[in-house]
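One structure below.
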DNA sequence: GCACTTTATGTTTTT
DNA sequence: CATAAAGTGC
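Right, here's the structure in full:
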């Protein structure tokens, strides 16, 4: 196994006794170290299924499982557990959640559903407030607080009412037999903390743990890890403090610091050799990140050549930026005779992708979009998932409401309100309330009939979904609700067609999984919520990658364009917390505020660091002189991060002044050339 | 009471 | 400019 590893990597792989922290710089062969360490563990006598590898995304988990399978082929039953925190948490809750009063078929609500519930609890329609509350509650949950503690330490009136709403929200969720994403970590922690026998069982089950992207763990996840590893502390945490970009989600670098105090025997390894980027790119990255305070001293170096200079491209506005970048990319590929998949365009906000998509389409350049709205968030897919959720768990009121009203079947707001009110007063789910005799008096006979008919329909499907093969049941469900017809009626022809296409893709995917896992529709319905993406063959397609910086973490590309490098965009400068008390800002408050501000900038700087370290050979940064924000267009300044990289301006390398015209002319010439040769053929 | 049309409104990042 | 809540015909 030890071929092709440097000393640090080899040492990290071989250290098996006691806790271990691997600080792995960008491009230092982190995933390879993890997978080979797993193999080494097996070689050293650990049984494979007693090893657990925890990642943050399904994509990472999937990739790790694949890589592992390549270097050590194991029968399905004897493979290590490779899983995300959330899906591990889900597994734990499905097994033993009954001890917390959660039925096995509990639903997992997405944030839209939760927003709806919170709107009710807060008695508001102010979406900004709802978002804020959602975020705040999530932070509290990830910090392992409970509503009472949160209320007690609420800094102001708004926080106090959010804490109150949280309690109601929690009650509503348990009435629905549902959990949210945060609960998938939080409740397992509770489960283990309260039940020593379960903790014991899990410690037996998982004898060694490896945690990827450790810098992005939050307090709840840390707690879960501690409970799972126990006093034996047989684990390897792999992370990079310079790539911590999920602070807004409650992740805290404290977990990195705590590791050393909580585990005195902790052995530290640093992977500092970078195998990815050119020296030019790497040293710019080092200079940039040097502006952040250091937790662990770490300096990346590389044996690669100097490589191409980093280009900085100022543009007039977003439109010109997209045009310019797409043209450059196009010309670059022509010159190098490269492939599209060698290119990535990275941006801070999802909505920045739109202009780039337009220009790529215009130029007939294939692209894949990652990050942004996932397949599962599309309206038509959510419609179907609502049915599946309802089939799996008929107490799931949000799913009930969505399914009952799409397609339209004569059940409207008034009917649902009557049902909801009645269900609330009886403390049961809407589905259960539906068939109670007491409900009959609340509604006119006609409405009662329609809604009960819907209930019976769900019952019938439910019965079949638990017994019969998934495929036919799903087909019959779609036929029965005539979803295709409804799409055709309610959309214009083109969107109806693409939506139906999506529905078909989804069905194929469900059937494939059902066949692979031998699962019924009811069983499948339970795990859909935490799957963020179809296992699509994105990697195979020869296409330019459009991605948020967050979604690009862990990936690498020969040529990278980081767009929108402007003050306010990257670093993103959001509105200050709405609860910040304007009037009497004491020195203390403003000091705390400044600290918060600089923490935010540091995270943004790490984000930029992640962005530029995706690049292997060439890196281009662009920024706009003006940008239209909401309704107004404002002048923009180039990002401070460009200056911090200290790109040797003027004299060597940085061509800051290639105009769109030049780029277009160059591409035009190339195209003529290509057209000519094509015609000559 | 239900479905459709207009109108206000608002932007990080994701499991 | 795209989406979601409030208003208007059926």
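Residue numbers (the numbering used here): 112 to 792.
Just so you know, even glycine gets a beta-carbon here, dropped at the ideal spot from N, CA and C.
Same chain, Cβ closer than 6 Å to residue i, neighbours up to 5 away in sequence not counted
i	result
residue 256	none
residue 562	522 and 526
residue 712	682
residue 680	459
residue 506	287, 288 and 540
residue 97	Nothing about residue 97 can be read from this structure; the chain reaches only from 112 to 792.
residue 690	Low confidence applies to residue 690: its pLDDT is 42, below 50, so where it sits in the model is not reliable enough to give any reading.
residue 595	611
residue 378	126 and 131
Close beta carbons around residue i, own chain, < 7 Å, minus the five adjacent residues each side
i	result
residue 693	The pLDDT assigned to residue 693 is 43, lower than 50, so where the model puts this residue is not dependable, and the model offers no usable value.
residue 120	140, 144 and 382
residue 125	151
residue 592	518
residue 117	384
residue 757	398
residue 334	255 and 300
residue 210	302 and 306
residue 390	413, 415, 416, 417 and 418
residue 541	508, 511, 530, 531 and 534
residue 432	426, 674, 733 and 735
residue 351	134, 135, 136, 137 and 326
residue 666	725
residue 340	320 and 346
residue 768	Summary for residue 768: the model assigns pLDDT 46, below 50, so the residue's position carries little reliability; its value from the coordinates is reported in the next sentence. Contacts found: none.
residue 229	241, 244, 245, 276 and 280
residue 370	132, 348 and 377
DSSP bridge partner residues for residue i (one or two, in chain order)
i	result
residue 726	668
residue 749	677
residue 347	131 and 321
residue 656	455 and 479
residue 732	423 and 673
residue 385	413
residue 744	739
residue 378	131
residue 663	DSSP output for residue 663 lists no bridge partner at all.
residue 329	362
residue 289	218
residue 683	679 and 680
Sequence-distant residues of the same chain with beta carbon closer than 8 Å to residue i, five excluded per side
i	result
residue 176	190 and 193
residue 492	486, 613, 614 and 617
residue 653	450, 451, 452 and 477
residue 795	Any question about residue 795 goes unanswered here, given that the chain covers just 112 to 792.
residue 765	Residue confidence is low: residue 765 scores 44 on pLDDT, short of 50, so the model does not pin down where it sits. No coordinate-derived value is stated.
Whole-angstrom C-beta distance between residue j and residue i, which should lie under 8 Å
i	j	result
residue 641	residue 197	5 Å
residue 288	residue 504	6 Å
residue 533	residue 546	Not confirmed; about 12 Å, so no contact.
residue 295	residue 438	Between residue 438 and residue 295 the Cβ distance is about 45 Å, and since that is not below 8 Å, they are no contact.
residue 142	residue 172	With 8 Å as the limit, residue 142 and residue 172 do not qualify as a contact, their Cβ atoms being about 11 Å apart.
residue 344	residue 163	Rounded, the Cβ-Cβ distance is 14 Å, inconsistent with contact.
residue 625	residue 583	With 8 Å as the limit, residue 625 and residue 583 do not qualify as a contact, their Cβ atoms being about 10 Å apart.
residue 285	residue 212	7 Å
residue 456	residue 672	5 Å
residue 454	residue 447	Not really, about 10 Å apart at Cβ, beyond 8 Å.
Checklist line | the stretch 574-590 / the stretch 617-635 touching (three or more Cβ pairs under 8 Å) | finding: yes
Next item on the list: Give, in chain order, every unbroken run of the beta strand (DSSP E) that is at least 3 residues long and sits entirely within the stretch 389-425.
Entry: none
Check: Could you give the uninterrupted runs of the alpha helix (DSSP H) lying entirely in the stretch 150-194, keeping only those of 4 residues or more?
Finding: 169-182
Item checked: Given 8 Å, three or more beta-carbon pairs between the stretch 652-670 and the stretch 303-319 -> no
Check: Per the contact definition of three or more C-beta pairs closer than 8 Å, is the stretch 418-435 in contact with the stretch 733-741?
Finding: yes
Next item on the list: Determine, using beta-carbon pairs with one atom in the stretch 287-307 and one in the stretch 230-244, whether at least three such pairs fall under 8 Å.
Entry: no
Next item on the list: Can you check the stretch 571-653 for any alpha helix (DSSP H) of at least 4 residues that lies completely inside it and give the ranges in chain order?
Entry: 581-592, 594-601, 604-628 and 632-638
Checklist line | the stretch 458-465 touching the stretch 488-505, judged by at least three CB pairs closer than 8 Å | finding: no
Check: Which ranges would you report for the alpha helix (DSSP H) in the stretch 533-558 if only whole runs of at least 4 residues count?
Finding: 541-545
Check: Is the number of C-beta pairs between the stretch 313-331 and the stretch 355-367 that are closer than 8 Å three or more?
Finding: yes
Check: Fully enclosed by the stretch 211-283, which alpha helix (DSSP H) runs are 4 residues long or longer?
Finding: 222-233, 238-253 and 258-263
Notebook entry, point to check: How about the stretch 217-226 and the stretch 257-264: do they share at least three Cβ pairs that are nearer than 8 Å?
Noted result: no
Check: Quick check: the stretch 154-174 against the stretch 403-412, are there 3 or more CB pairs under 8 Å?
Finding: no
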